[in-house]
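Numbering (our numbering), first residue to last: 9 to 161.
Shown next, in the form of structure tokens:
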């Protein structure tokens, strides 16, 4: 691997259920067809059976198990991540950015989320050897998210 490639999913939903974040349940659904790395050929390859196999697995999901408060603004989120037909427990670091009201009086909450997974644990096994040694795709995938939520009454 010679460089990092950043990508995102453009179609997803995340919900936080509960009145107090520290005791909330966090769930997410992602449409795998919405992968975007700013390279159409690469995106189509990621949608293929070599990776996400979007025809057979159009969605991946995260179901929160526990949320542990480490400090006033740091939490550890543990949950089951399902990609394709594989479900594994993953741990994510969550930084709480705070609560604020927007100009229209809506309460907003902000979070940063980070974690890592091994893509091969989820059946994303394709790779290619490089002429200079090494491989084209790293086993490690970094998960990063900047999220803002509007409180629902």
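C-beta atoms are modelled at their ideal positions from N, C-alpha and C, and glycine is treated no differently.
These numbers come from a predicted model, not from an experiment.
Buried or exposed (CB count within 10 angstroms, at least 16 for buried), residue i
i: residue 76; result: exposed
i: residue 40; result: buried
i: residue 132; result: buried
i: residue 38; result: buried
Own chain, CB closer than 8 Å to residue i, minus 5 neighbours either side, in chain order
i: residue 54; result: 15, 43, 45 and 60
i: residue 143; result: 9, 135, 136 and 137
Top-ranked residue by Cα proximity to residue i, from the options
i: residue 5; options: 66, 82 and 102; result: There is simply no residue 5 to check, as the chain begins at 9 and stops at 161 in what is shown.
i: residue 93; options: 130, 108 and 111; result: 130
i: residue 153; options: 17, 145, 51 and 141; result: 17
i: residue 81; options: 68, 20, 88 and 106; result: 106
i: residue 112; options: 141, 78, 56 and 158; result: 158
Within 7 Å, strictly: CB atoms of residue i and residue j
i: residue 122; j: residue 101; result: yes
i: residue 63; j: residue 35; result: no
i: residue 195; j: residue 119; result: Because the chain spans 9 through 161 in this model, residue 195 falls outside it and cannot be assessed.
i: residue 147; j: residue 126; result: yes
Sequence-distant residues of its chain with Cβ nearer than 7 Å to residue i (five each side left out)
i: residue 86; result: 73, 74, 97 and 99
i: residue 32; result: 24, 25, 26 and 75
Beta-bridge partners of residue i, as assigned by DSSP
i: residue 37; result: 21 and 69
i: residue 150; result: 124
Neighbourhood of residue i by C-beta distance below 6 Å, restricted to the same chain and skipping five residues each side
i: residue 149; result: 125 and 127
i: residue 58; result: 134
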